[in-house]
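Student:
In the numbering used here, the protein residues as written are 142 to 253.
So this is what it looks like as structure tokens:
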């Protein structure tokens with residue numbers, strides 16, 4: 142049986158797969174480069190598959206909110222670190238706000 146803790150770890154892996162998929166999407170140059178394009182499809186498929194497993198134990202709304210927020214925040218960080226995107230104060234506040242919202246949702250008890 143899938144425990145709540147295991148489901149959250151699986152959801153975290155899904156977030157990582159989605160963020161990596163978005164990074165490789167950027168590298169695919171609009172699906173014109175084969176290897177990054179294949180990696181994008183594989184990462185997105187993995188992300189959805191892992192999300193489906195996680196929602197066996199975590200409520201769908203909670204799982205999706207956490208997944209979307211964490212994926213967006215991680216993707217923004219990847220953009221800054223790997224692709225040299227600017228990190229404005231507003232972007233940093235947005236990332237922190239997304240993460241804070243996810244923490245508040247989790248504290249509401251919707252994750253079990």
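Beta carbons are placed, not taken as given, at the ideal position from N, Cα and C, and that holds for glycine.
Ignoring anything shorter than 3 residues or poking outside the stretch 167-253, list the beta strand (DSSP E) runs there in chain order.
Tutor: Fully enclosed beta strand (DSSP E) runs of 3 or longer: not present.
Student: Within the same chain, show all residues whose beta-carbon is closer than 7 angstroms to that of residue 196, passing over the 5 residues directly before and after it, in chain order.
Tutor: Closer than 7 angstroms at the Cβ level, and outside the excluded window around residue 196, lie 204.
Student: Does the distance from the C-beta atom of residue 243 to that of residue 188 stay below 9 angstroms?
Tutor: Taking 9 angstroms as the Cβ cut-off, residue 243 and residue 188 do not qualify as a contacting pair.
Student: Give every residue of the same chain whose Cβ lies closer than 7 angstroms to the Cβ of residue 156, excluding the five residues on either side of it in the sequence, and list them in chain order.
Tutor: 208, 211, 212, 215, listed in sequence order.
Student: What number of angstroms, rounded off, separates the C-alpha of residue 236 from the C-alpha of residue 224?
Tutor: Rounded to whole angstroms, residue 236 to residue 224 spans 17 angstroms at the Cα level.
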